[in-house]
Amino acid sequence: MKKADILVLDFGSQYTQLIARRLREQGVYAEILPFNVSLADIKAKEPKGIILSGGPASVYATDAYFCDKGVFDLGLPILGICYGMQLMAHHFSASVAPAGHKEYGKATIEIQKDSALFKNLPKKQTVWMSHSDKVENLPQGFEVLATSENSPFCVFANEEKKFFALQFHPEVQHSEFGKNILKNFAKYACNCESVWNMGSFAKTQTEKIREEVGNDKVLCAVSGGVDSSVVAALLSSAIKKQVIVVFVDNGLLRANEREQVEFMFKNTLKTDLISIDASEIFLSRLAGVIDPEQKRKIIGNTFIEVFEQEAKKHSDVKYLAQGTLYTDIIESSVIGASKTIKSHHNVGGLPEKMNLKLIEPLKEIFKDEVRTLGLELGLSKEVVYRHPFPGPGLAIRIMGEVNRPSLNLLRQADVILLEELKSTGWYDKTWQAFCVLLNVKSVGVMGDNRTYDNTICVRIVDASDGMTATFSHLPYEILENISRRIINEVKGINRVVYDISSKPPATIEWE
Ligand code: XMP
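Numbered according to full-length UniProt numbering, the sequence shown spans residues 1 to 511.
Written as structure tokens, this is what we have:
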């Protein structure tokens, strides 16, 4: 079994993965396990420390989440974060109750006592709180390390046992020195070394894939995007002869995309590619469908059907590999207590019954980490820095029914947008850029004639992992050129608008 430096026990926080990610960024390998994992499984990982994550429950509720109490007797350093802190306090008989004053957002903490946890950090720092319960008295054997205006027990510790408890979330970016606190815990309390990197990730994933797949074969579904290309590269290096790389043209691709993907796999990635034209079946199933979630489910199901049909043509295919990322999983709500935002086609959009078993080597990491891994595996910058393109393709960028005329309009506008961004150097400065066909008609005047045509919305965003995003502040002249060209060159469009919403509260895609 693979060892982990730090084990993070997940009590259902939206941010649990961020804890592991922040540790990885500092070269420490952390693994996440469910809160109720057995003590034997914890011991088998031989961790050097344990982190108890945040979570939506209350420790005093009847349905509260508890880890095995033996966790506190392993002799390992423990860091409790938010719910994890309350759990630690509760375990050591302190009282936890609803806070009269709920705290969400920024707060300032003041360090009261020196500790390895705050080594080389300023006495006052901004942190990010999100809690509605509070610890009312200090557990026995603990002392206060830091206070905030609303929280006299904001950080407390039993230094002898190396138990630390934080009311705030060090893993989120708004906690000014949060990642340093996590690093200090790993380095000084747990004696972890900073030796882990994306190369180590590739190595452990390779071992995992070989162990799981044995002598069977894997169908690797690729879209030409960075995630699935990285998965294909990883599988090729792990089990070369057992991988069948498949690309499905679902009729929802951008202009010339199929040709570009075929070229890329043949020439850049030097991998054999089976390219399947399934556009007819996808488009016929989408006819008349306007509900976004229904579109996503139809596309997800049809993809699997096409993959399974292809798998039958080869012997011993037992697995389907996909480039699912952590962001896809959290938004499709297949873990924790988080809510479904949208069913990402390769996660929530899958049919309930599948004949192929899934392999998703990237499901614990974020897009920017995938890019680093891609470079590590030798993929070209052009592949690694391609803008993300969603599995359901243009279907979720056409408001209302998806049909060939609408796809045709959208494709033409999209080509112009990308041409303009590439020629002005803005493609590489932005996370994602695309057009949306609004299916809203408006009146215009062209020459001396009245028009009554469709509207294109241009969406360009800046992001680092796709979980949050802001609209890109493109110079007006470039926006003006994009608008002028789309209206002049795409027959059927007489108006272009720019989306100036951020995520949250909007999402990046429109559906
Ligand atoms: P949203 O719209 O959820 O998008 O803010 C976040 C990022 O994920 C991409 N996206 C998808 N990718 N399958 C994918 O492979 C999907 O179903 C899917 N939906 C959204 C989106 O383009 C953005 O980069």
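All C-beta atoms in this analysis are idealised placements derived from N, C-alpha and C, irrespective of residue type, glycine included.
Just so it is clear, the structure is predicted and the values come from calculations on it, not from any experiment.
Selected residue, minimal CA-CA separation from residue 155, among 500, 110, 371: When only C-alpha atoms are compared, the closest one is 110.
Outcome for residue 362 when other beta-carbon atoms lying within 10 angstroms are tallied against a minimum of 16: Classification of residue 362: buried, given that the 10 Å Cβ count is 16 or more.
Closest by C-alpha distance to residue 194, when choosing among 473, 134, 30: The shortest C-alpha to C-alpha distance from residue 194 to any of 473, 134, 30 is the one to 30.
Own chain, CB closer than 8 Å to residue 108, minus 5 neighbours either side, in chain order: Here the set comprises 124, 125, 126, 127, 148, 149.
Any non-hydrogen atom of ligand 1 within 8 Å of residue 390 CB: Under cutoff, so the answer is yes.
Given 8 Å, three or more beta-carbon pairs between the segment 223 to 235 and the segment 290 to 308: The segment 223 to 235 vs the segment 290 to 308: no contact.
Local conformation of residue 493 per DSSP, three classes: In the structure shown, the three-state DSSP call for residue 493 is strand.
Buried versus exposed, by CB contacts within 10 Å (16 or more), residue 263: Classification of residue 263: exposed, given that the 10 Å Cβ count is below 16.
Residue 137 beta carbon less than 9 Å from that of residue 95: Yes; because the gap between Cβ atoms is below 9 Å, this pair is in contact.
Best match in 501, 468, 230, 482 for proximity to residue 382 [C-alpha to C-alpha]: A check of alpha carbon separations from residue 382 across 501, 468, 230, 482 identifies 230 as the nearest.
Rounded Cβ spacing between residue 221 and residue 228 (contact assumed at less than 8 Å): Yes, they are in contact, since the Cβ atoms of residue 221 and residue 228 sit about 6 Å apart, within 8 Å.
Cβ distance (whole Å) where residue 249 is taken to contact residue 258 below 8 Å: The Cβ separation is near 5 Å, so the contact holds.
Inter-residue spacing [alpha-carbon to alpha-carbon] between residue 246 and residue 79: Residue 246 and residue 79 have their C-alpha atoms some 44 Å from each other.
Contact belief for residue 19 with residue 171 at Cβ below 8 Å, rounded distance in angstroms: For a cut-off of 8 Å, the C-beta gap from residue 19 to residue 171 is around 4 Å, short enough to register as a contact.
Residue 295: CB within 8 Å of a non-hydrogen atom of ligand 1: Outside the cutoff, so no.
Alpha-carbon to alpha-carbon, residue 266 and residue 202: C-alpha separation (whole angstroms): 23 Å.
Start-to-end residues for the beta strand (DSSP E) that takes in residue 146: Note, residue 146: beta strand (DSSP E), 143 to 148.
Cβ contact check for the segment 176 to 193 and the segment 64 to 83: 3 or more pairs under 8 Å: The segment 176 to 193 vs the segment 64 to 83: in contact.
Residues near residue 13 in its chain [Cβ-Cβ closer than 6 Å; skip 5 each side]: For residue 13, where only same-chain residues beyond five positions count, the Cβ hits under 6 Å are 53, 54, 55.
Residue burial classification, residue 205 (beta-carbon count within 10 angstroms, cutoff 16): By the 10 Å Cβ count, residue 205 comes out buried.
Contained beta strand (DSSP E) runs [length at least 3] in the segment 248 to 303, N- to C-terminal order: List check, beta strand (DSSP E) in window: 274 to 277.
Chain B within 9 Å of residue 223, Cβ atoms only: The displayed structure is made up of one protein chain only, and chain B is not part of it.
Sub-9 Å separation of residue 390 and residue 398 beta-carbons: The criterion of a C-beta distance shorter than 9 Å is not satisfied by residue 390 and residue 398.
Continuous beta strand (DSSP E) assignments of at least 3 residues falling wholly in the segment 451 to 507: 493 to 498, all fully within the segment 451 to 507.
Cα-Cα separation, residue 404 to residue 286: Computed Cα separation, rounded: 11 Å.
Among 352, 387, 101, the one whose alpha carbon lies nearest that of residue 225: Residue 387 is the option with its Cα nearest to residue 225.
Residue 220 (DSSP reduced to helix, strand or coil): Strand.
Supposed contact pair residue 414 and residue 278 - C-beta distance, whole angstroms, cut 8 Å: Between residue 414 and residue 278 the Cβ distance is about 21 Å, and since that is not below 8 Å, they are no contact.
Bridge partner(s) assigned by DSSP for residue 108: DSSP lists 126 as partners of residue 108.
Whether residue 417 touches residue 365 by CB criterion (9 Å): The Cβ atoms of residue 417 and residue 365 do not sit closer than 9 Å to each other.
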